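Have a look at the structure below, then the notes.
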Amino acid sequence: MTDTTAPSTIALRPDFAAIAEWIKPGAKILDLGCGDGSLLRYLRDTRNVFGYGVEIDDDNLLSCFCNGINVIQNDLETGLSSFESDSFDYVILSQTLQATRHTEGIIQEMLRVGKEGIVSFPNFGYWKNRMQVISGHMPVSKNLPYHWYDTPNIHLCTLGDFEALCQQCDARILERRVMNGGHPVNFLPNLMGMLAFYRFERRE
Amino acid sequence: MQDSKSVGVVTPQYVTIDKPLQLKSGLLLDSYHLVYETYGQLNAARSNAVLICHALSGNHHVAGVYADKEKSYGWWDNMVGPGKPIDTNRFFVIGVNNLGGCHGSTGPASIDTKTGKHYGASFPIVTVEDWVETQAQLAEHLGIEQFAAIVGGSLGGMQAMQWTLDYPEKVRHALVIAAAAKLTAQNIAFNDVARQAIMTDQEFYGGNYYAYDTLPRRGLRLARMLGHITYLSDDSMAAKFGRSLRNGDLSFGFDVEFEIESYLRYQGDKFADLFDANSYLLMTKALDYFDPANAYGGDLSAAFQVAKANYLILSFTTDWRFSPERSREIVKALLDNKINVSYAEITSSHGHDSFLMETQYYHQLVRAYMDNVST
Numbered sequence: 374m375t376d377t378t379a380p381s382t383i384a385l386r387p388d389f390a391a392i393a394e395w396i397k398p399g400a401k402i403l404d405l406g407c408g409d410g411s412l413l414r415y416l417r418d419t420r421n422v423f424g425y426g427v428e429i430d431d432d433n434l435l436s437c438f439c440n441g442i443n444v445i446q447n448d449l450e451t452g453l454s455s456f457e458s459d460s461f462d463y464v465i466l467s468q469t470l471q472a473t474r475h476t477e478g479i480i481q482e483m484l485r486v487g488k489e490g491i492v493s494f495p496n497f498g499y500w501k502n503r504m505q506v507i508s509g510h511m512p513v514s515k516n517l518p519y520h521w522y523d524t525p526n527i528h529l530c531t532l533g534d535f536e537a538l539c540q541q542c543d544a545r546i547l548e549r550r551v552m553n554g555g556h557p558v559n560f561l562p563n564l565m566g567m568l569a570f571y572r573f574e575r576r577e
Numbered sequence: 100m101q102d103s104k105s106v107g108v109v110t111p112q113y114v115t116i117d118k119p120l121q122l123k124s125g126l127l128l129d130s131y132h133l134v135y136e137t138y139g140q141l142n143a144a145r146s147n148a149v150l151i152c153h154a155l156s157g158n159h160h161v162a163g164v165y166a167d168k169e170k171s172y173g174w175w176d177n178m179v180g181p182g183k184p185i186d187t188n189r190f191f192v193i194g195v196n197n198l199g200g201c202h203g204s205t206g207p208a209s210i211d212t213k214t215g216k217h218y219g220a221s222f223p224i225v226t227v228e229d230w231v232e233t234q235a236q237l238a239e240h241l242g243i244e245q246f247a248a249i250v251g252g253s254l255g256g257m258q259a260m261q262w263t264l265d266y267p268e269k270v271r272h273a274l275v276i277a278a279a280a281k282l283t284a285q286n287i288a289f290n291d292v293a294r295q296a297i298m299t300d301q302e303f304y305g306g307n308y309y310a311y312d313t314l315p316r317r318g319l320r321l322a323r324m325l326g327h328i329t330y331l332s333d334d335s336m337a338a339k340f341g342r343s344l345r346n347g348d349l350s351f352g353f354d355v356e357f358e359i360e361s362y363l364r365y366q367g368d369k370f371a372d373l374f375d376a377n378s379y380l381l382m383t384k385a386l387d388y389f390d391p392a393n394a395y396g397g398d399l400s401a402a403f404q405v406a407k408a409n410y411l412i413l414s415f416t417t418d419w420r421f422s423p424e425r426s427r428e429i430v431k432a433l434l435d436n437k438i439n440v441s442y443a444e445i446t447s448s449h450g451h452d453s454f455l456m457e458t459q460y461y462h463q464l465v466r467a468y469m470d471n472v473s474t
């Protein structure tokens with residue numbers, strides 16, 4: 374596969390590169406909870422995608438404007454009624470799943486609006502997280518940098534948990550990728566993986 | 100004190116357009132003149148022009164100050180100027196008084212050369228589409244084939260939108276602020292009460308008050324007071340005036356007692372001295388008539404199929420006259436057509452008037468957007 378990405382961005386955000394590999398050039402993208410818009414900008418620059426970010430936070434919105442990407446201020450939790458069914462090639466939820474309240478409803482909206490959904494999240498089943506729980510504390514790590522009392526992450530899950538949710542939502546998983554510090558994890562992914570990526574579609 | 104970021108002293112310019120204007124109403128206007136101002140320099144490629152469209156009571160004096168008049172800063176001086184969100188160091192910015200206005204462009208208070216009298220009631224009803232056509236004539240006069248951006252708030256935002264529908268190739272970016280794709284019944288109702296206030300004033304004389312050397316001042320004053328209430332939010336009025344009394348005690352009469360009464364009367368009086376009542380009638384009609392989806396059976400997405408511009412849509416949380424919901428309808432139509440659009444719903448306590456306020460976050464957004472508009 375040819376890669377036209379700037380090395381610095383790949384080094385900084387291996388998760389961006391992992392998502393980009395799944396995106397067909399020129400695709401129509403909806404990035405839910407797009408943050409400062411850097412993923413969408415990266416995909417625009419490297420995959421020539423057309424897309425919109427959806428973001429609720431004012432500061433993030435301003436950063437999106439600075440990044441020159443399309444962004445719509447909207448609360449994901451209220452649904453995606455501004456977007457028609459099947460109107461995007463990919464609907465992305467990048468490291469946002471764990472902070473959503475109506476998680477199941479959002480997955481269903483992704484399945485409605487997009488031909489495919491892409492979700493990435495920090496794997497709560499990662500062994501270091503498990504160790505911290507065994508030692509008597511909620512995990513704090515690079516991917517989960519918050520304390521239990523100030524975290525926006527209210528719906529943490531493991532690979533197994535997410536796959537069960539997909540089953541429940543009639544989502545067919547097309548591809549899974551598990552990473553640890555920028556490297557792929559194939560052995561005991563639910564134990565060894567820090568970040569999980571899923572590509573899925575609606576089961577007809 | 101001179102604002103270091105102001106464009107400084109400006110002078111209005113005039114152009115006479117002799118090309119007959121076919122109005123949407125079916126009437127023809129043989130010729131007309133427009134008054135406009137420009138700020139900044141048009142670049143060699145003529146690619147950095149920004150048109151500012153004004154709202155109900157605005158005009159061509161967007162920024163800067165008049166040499167012979169103290170405190171005569173333009174109505175959007177906080178937004179347009181060197182180093183400001185719409186940066187005149189980068190852009191060549193144009194403000195124009197709309198046809199039918201009362202600040203120098205041909206309008207009801209102008210003399211009709213055919214009769215030698217004021218147009219008065221004979222001045223035709225003009226629409227947003229008609230204004231776009233006159234502005235296109237001005238652009239031609241200035242040698243501008245494509246605008247980098249067209250910007251407007253409220254009724255001005257409607258013009259920015261209409262530009263992108265009538266001349267999709269001539270607008271790269273449209274900034275549509277606190278606007279709507281059509282007025283609601285409630286909004287039309289407010290406009291009609293304003294019109295009734297003017298038209299039932301005994302001094303109105305069917306719109307030909309100029310001939311009687313008088314003005315329907317009371318009617319226009321009431322119209323403005325009503326409008327002003329709707330441009331503010333309940334919260335901002337409560338914060339600014341509350342139930343404060345001018346003299347501390349109730350006087351058990353009908354004179355001005357509450358501060359809000361005093362404020363509204365002052366605003367009404369000031370406006371009645373400066374604005375032409377017939378122009379006010381025309382502007383409110385243009386608002387009422389605007390509905391680009393109408394020709395498409397009410398389907399706004401179909402109306403935007405021709406659009407090619409990039410859009411910034413902004414709304415303000417406490418704006419109940421042009422509510423965020425109206426802006427989201429525009430956004431939806433653009434999304435349906437996979438057009439470049441960004442939308443922000445700005446938290447503000449100032450109601451519809453928010454679009455004129457110098458609030459940090461609002462200005463940061465416009466600045467960030469305009470920074471990505473190529474010249």
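So the protein lines, in turn, are chains H and W. Per the numbering used here, the very first residue in the first sequence carries number 374; after that it's consecutive. Per the numbering used here, the very first residue in the second sequence carries number 100; after that it's consecutive. Even glycine gets a Cβ: it sits at the ideal position worked out from N, Cα and C. Model, not experiment: these values are computed from the prediction.
Limits of the unbroken beta strand (DSSP E) element including residue i
{"i": "N409(W)", "result": "409 to 415"}
{"i": "S493(H)", "result": "487 to 495"}
{"i": "D462(H)", "result": "461 to 467"}
{"i": "F370(W)", "result": "Here F370(W) belongs to no beta strand (DSSP E); instead the alpha helix (DSSP H) covers 358 to 373."}
{"i": "H462(W)", "result": "From DSSP, H462(W) is part of no beta strand (DSSP E) but of the alpha helix (DSSP H) over 459 to 470."}
{"i": "D404(H)", "result": "401 to 405"}
{"i": "C437(H)", "result": "Per DSSP, C437(H) belongs to no beta strand (DSSP E); it is in the alpha helix (DSSP H), 431 to 440."}
{"i": "S441(W)", "result": "440 to 445"}
{"i": "V192(W)", "result": "191 to 195"}
{"i": "R572(H)", "result": "568 to 575"}
{"i": "A273(W)", "result": "272 to 276"}
Residue i classed as buried or exposed, judged by whether at least 16 other C-beta atoms fall within 10 angstroms
{"i": "I210(W)", "result": "exposed"}
{"i": "N188(W)", "result": "exposed"}
{"i": "I507(H)", "result": "exposed"}
{"i": "K269(W)", "result": "buried"}
{"i": "S411(H)", "result": "buried"}
{"i": "E228(W)", "result": "buried"}
{"i": "I479(H)", "result": "buried"}
{"i": "L547(H)", "result": "exposed"}
{"i": "L319(W)", "result": "buried"}
{"i": "G125(W)", "result": "exposed"}
{"i": "I527(H)", "result": "exposed"}
{"i": "T212(W)", "result": "exposed"}
{"i": "E232(W)", "result": "buried"}
{"i": "Y266(W)", "result": "buried"}
{"i": "R545(H)", "result": "exposed"}
{"i": "V492(H)", "result": "buried"}
Residue range of the alpha helix (DSSP H) that includes residue i
{"i": "N377(W)", "result": "376 to 388"}
{"i": "Q261(W)", "result": "254 to 265"}
{"i": "H327(W)", "result": "316 to 330"}
{"i": "V227(W)", "result": "227 to 241"}
{"i": "I297(W)", "result": "284 to 298"}
{"i": "G594(H)", "result": "As displayed, chain H neither begins before 374 nor continues past 577, which places residue 594(H) out of reach and without an answer."}
{"i": "E424(W)", "result": "423 to 435"}
{"i": "G224(W)", "result": "For clarity, residue 224(W) is Ile in the given sequence; the question names Gly instead. Neither: I224(W) is in no alpha helix (DSSP H) and is coded neither H nor E."}
Bridge partner(s) assigned by DSSP for residue i
{"i": "N553(H)", "result": "H556(H)"}
{"i": "V114(W)", "result": "L133(W)"}
{"i": "Q121(W)", "result": "L127(W)"}
{"i": "C152(W)", "result": "G251(W)"}
{"i": "Y425(H)", "result": "L403(H)"}
Beta-carbon proximity of residue i to residue j, cut-off 9 Å
{"i": "L411(W)", "j": "V292(W)", "result": "no"}
{"i": "N502(H)", "j": "A569(H)", "result": "no"}
{"i": "H451(W)", "j": "T329(W)", "result": "yes"}
{"i": "S460(H)", "j": "V486(H)", "result": "yes"}
{"i": "Y460(W)", "j": "D431(H)", "result": "yes"}
{"i": "L434(W)", "j": "E457(H)", "result": "yes"}
{"i": "F415(W)", "j": "A220(W)", "result": "no"}
{"i": "V195(W)", "j": "Y138(W)", "result": "no"}
{"i": "L403(H)", "j": "I465(H)", "result": "yes"}
{"i": "V472(W)", "j": "L413(W)", "result": "no"}
{"i": "V164(W)", "j": "S171(W)", "result": "yes"}
**Item:** Members of the segment 295 to 319 of chain W near chain H, C-beta cut-off 8 Å
**Value:** The residues in question: there are none.
**Message:** Any C-beta of chain H within less than 8 Å: which residues of the segment 407 to 435 of chain W qualify?
**Reply:** Residues of the segment 407 to 435 of chain W with a Cβ closer than 8 Å to any Cβ of chain H, in chain order: R427, V430, K431, L434, D435.
**Prompt:** What residues from the segment 385 to 408 of chain W come within 7 Å of chain A, judged by C-beta to C-beta, listed N to C?
**Reply:** Annotation note: the requested chain A is absent from the structure, which comprises protein chains H and W.
**Request:** Closer than 9 Å, Cβ to Cβ, to anything on chain W: give me those residues from the segment 434 to 456 of chain H, in chain order.
**Result:** The segment 434 to 456 of chain H vs chain W, Cβ under 9 Å: L434, L435, S436, C437, F438, C439, N440, G441, I442, N443, V444, I445, Q446, N447, S454, S455, F456.
**Asked** When you check each C-beta in the segment 393 to 420 of chain H against every C-beta of chain W, which residues fall closer than 8 Å?
**Response** Here the close residues are K401.
**Message:** Residues of the segment 239 to 269 of chain W in Cβ contact with chain H at a cutoff of 9 Å, in chain order, please.
**Reply:** The segment 239 to 269 of chain W vs chain H, Cβ under 9 Å: nothing.
**Item:** Positions along the segment 372 to 385 of chain W whose CB lies within less than 7 Å of some CB in chain H
**Value:** Residues: none.
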